[in-house]
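In this note's numbering, the protein residues as written are 291 to 695. The beta-carbon is built from N, C-alpha and C at its ideal position, and this holds for glycine as well. Structure record follows, encoded as structure tokens.
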Amino acid sequence: MSLLSLTYGVLVLCTVPLYALCPARLRTLLLCILSLLFYAWGSLSHAALIVGLGTVVFFVGEQLHKKRSKLPYVLCVSLCVVVLCYFKYSILMLRTGADVLPSGSLSALLSAHADSLALSLQIPLGVSFFTFEFVHYLTDVYKGKISHPEPLPALRKRISDFFLFALFFPTLLAGPIKRYQQFHNDSQPAQRDMLAQGLWRILCGLLKKVLIADSLATITLRLKAPELVTPTGLWLAMYAYAGQIYADFSGYSDVAIGVSLLLGYRIPENFNYPYLAKSLQDFWRRWHISLSSWIRDYLFIPLGGSHVPPWRAFVNLILVMALCGLWHGPAGHFVVWGIWHGAGLGIERMVRRLRGDSAEKETRGLPFLGWLWTFHFVCVGWILFAAPSLRAAYVALGRMFFLLR
Numbered sequence: 291m292s293l294l295s296l297t298y299g300v301l302v303l304c305t306v307p308l309y310a311l312c313p314a315r316l317r318t319l320l321l322c323i324l325s326l327l328f329y330a331w332g333s334l335s336h337a338a339l340i341v342g343l344g345t346v347v348f349f350v351g352e353q354l355h356k357k358r359s360k361l362p363y364v365l366c367v368s369l370c371v372v373v374l375c376y377f378k379y380s381i382l383m384l385r386t387g388a389d390v391l392p393s394g395s396l397s398a399l400l401s402a403h404a405d406s407l408a409l410s411l412q413i414p415l416g417v418s419f420f421t422f423e424f425v426h427y428l429t430d431v432y433k434g435k436i437s438h439p440e441p442l443p444a445l446r447k448r449i450s451d452f453f454l455f456a457l458f459f460p461t462l463l464a465g466p467i468k469r470y471q472q473f474h475n476d477s478q479p480a481q482r483d484m485l486a487q488g489l490w491r492i493l494c495g496l497l498k499k500v501l502i503a504d505s506l507a508t509i510t511l512r513l514k515a516p517e518l519v520t521p522t523g524l525w526l527a528m529y530a531y532a533g534q535i536y537a538d539f540s541g542y543s544d545v546a547i548g549v550s551l552l553l554g555y556r557i558p559e560n561f562n563y564p565y566l567a568k569s570l571q572d573f574w575r576r577w578h579i580s581l582s583s584w585i586r587d588y589l590f591i592p593l594g595g596s597h598v599p600p601w602r603a604f605v606n607l608i609l610v611m612a613l614c615g616l617w618h619g620p621a622g623h624f625v626v627w628g629i630w631h632g633a634g635l636g637i638e639r640m641v642r643r644l645r646g647d648s649a650e651k652e653t654r655g656l657p658f659l660g661w662l663w664t665f666h667f668v669c670v671g672w673i674l675f676a677a678p679s680l681r682a683a684y685v686a687l688g689r690m691f692f693l694l695r
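Below you can see the structure in the form of structure tokens.
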């Protein structure tokens with residue numbers, strides 16, 4: 291299922307007028323039902339999974355509203371993480387175990403089980419997004435950042451509001467990752483200005499995807515077999531991939547934001563001209579904003595954020611960015627891409643500390659050099675992201691810098 295599929299288009303064309311004509315008290319329920327039907331169209335079992343997991347999260351959250359107990363919070367967050375790891379990383383973990391263990395019956399068993407799962411296991415659409423949203427919800431309820439309004443709404447309304455947040459079809463497949471506190475519109479249909487904004491964003495997203503991303507895709511295919519491409523061709527493919535991944539992902543985000551506007555909801559922006567960034571810290575404030583802010587709030591800050599010794603902050607940056615890479619896919623080259631960015635962020639932080647500069651002062655001082663460094667650091671990292679394996683990335687980078695023939 292894709293945001294650009296015919297099924298998705300038909301759903302949007304049917305939902306917008308139905309939502310506007312539906313009585314206000316039933317609009318939330320209508321969107322919940324239509325979103326669930328859309329998800330179930332791809333897989334009934336996966337629809338049952340998101341409903342089942344969401345039900346557990348909701349009722350644990352209800353208990354946390356009454357009493358902030360650590361045990362149910364930790365257990366429920368762990369359940370969400372286990373679900374994500376099972377579907378996305380179980381094959382990787384089994385194959386890693388088979389490779390690490392000495393040759394024998396256990397190693398062979400793990401390898402055979404991994405091969406079996408690779409053939410049968412289907413990853414639920416948007417599992418990375420809805421599990422992250424569930425963790426956000428539980429954490430913010432536990433910390434008191436989400437509270438029930440007064441007077442307390444009826445249980446039926448609380449359930450429908452939560453499941454609309456969890457199932458909202460414009461963001462379910464490809465984000466942006468929402469925050470519960472910001473997700474509401476009082477069940478009002480979109481006004482004329484929001485309809486115009488929504489249609490414009492959808493058009494922009496489609497043009498980015500079809501005209502830019504899909505056109506550049508033919509050039510970026512060179513990164514799949516770098517040993518057959520000249521160094522100049524690999525540099526061209528690197529720049530093309532930078533354009534493709536931005537146009538592709540921001541295009542999907544534009545479509546999701548536009549459809550949400552048609553329904554009267556404003557969801558978070560996901561991109562803010564990231565290739566104009568003048569530092570890596572600035573880049574991650576502009577690129578996949580909903581994910582980078584999630585990682586900051588729910589991983590980096592709990593590990594101590596900036597209030598730890600410099601060496602520990604450096605290690606934490608590498609750790610959380612490695613997890614960010616793993617979030618994008620269960621493969622070594624994604625992890626190394628994350629480590630690349632974590633190391634870059636750590637080095638920038640140390641340089642600023644040695645110079646006694648803030649990020650803003652450094653940006654004002656050497657804007658062009660800051661942009662040049664940031665843009666090419668990010669682009670070289672895209673080689674690690676786009677290559678089919680670490681070996682292919684090694685060959686591509688070696689040939690680009692004339693270290694390999």
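Assess, as a yes-or-no matter, whether the stretch 386-393 is touched by the stretch 441-448 under the definition of 3 or more beta carbon pairs within less than 8 angstroms. No: fewer than three Cβ pairs fall under 8 angstroms.
List the endpoints of the continuous alpha helix (DSSP H) containing K356. Going by DSSP, K356 is part of the alpha helix (DSSP H) stretching over 334-356.
The alpha helix (DSSP H) with P362 in it runs from where to where? Unbroken alpha helix (DSSP H) run through P362: 360-390.
Cutoff 8 angstroms; reference L339; Cβ partners in own chain excluding five residues on either side: Cβ neighbours of L339 beyond the five flanking positions: V373, P414.
Of the residues F453, R689, W661, A537, the one placed nearest Y329, counting alpha carbons only: Closest option to Y329, Cα to Cα, is F453.
So, do the stretch 466-476 and the stretch 411-427 have three or more beta carbon pairs nearer to each other than 8 angstroms? Enough Cβ pairs lie closer than 8 angstroms, so yes.
Measure how close the beta-carbons of I502 and G523 come, nearest whole angstrom, since I'm counting them as under 8 angstroms. With a Cβ gap of about 20 angstroms, I502 and G523 do not count as contacting.
CB M528 to CB I629, shorter than 9 angstroms? Contact flag unset, no.
Between L552 and L485, is the Cβ-Cβ spacing less than 9 angstroms? Cβ distance < 9 angstroms, so L552 and L485 count as in contact.
Taking Cβ to Cβ, would you say A402 is nearer than 9 angstroms to I381? Between A402 and I381, the gap from beta carbon to beta carbon reaches 9 angstroms or more.
Integer-rounded CB distance, given that Y298 should sit under 8 angstroms from Y363: The pair is not a contact, with the Cβ atoms about 35 angstroms apart (cut-off 8 angstroms).
Are E638 and S569 touching if we call contact CB-CB under 9 angstroms? At the C-beta level, E638 and S569 come within 9 angstroms of one another.
If you reduce the DSSP assignment to three classes, tell me which class C304 lands in. Reduced to three states, the DSSP call for C304 is helix.
Quick check on the DSSP output: the alpha helix (DSSP H) that includes C494 runs from which residue to which? Secondary structure note for C494: its alpha helix (DSSP H) is the uninterrupted segment 482-497.
So what's L411 in DSSP terms, helix, strand or just coil? Annotated three-state conformation of L411 is coil, per DSSP.
Taking DSSP as the reference, what is the three-state secondary structure of T510? Looking at T510 - three-state DSSP - the assignment turns out to be helix.
Please classify W663: does DSSP put it in a helix, a strand, or coil? The three-state reading of DSSP puts W663 in helix, counting H, G and I together.
Which value, in whole angstroms, describes the spacing of the CA atoms of Q481 and R556? Cα-Cα distance, rounded: 12 angstroms.
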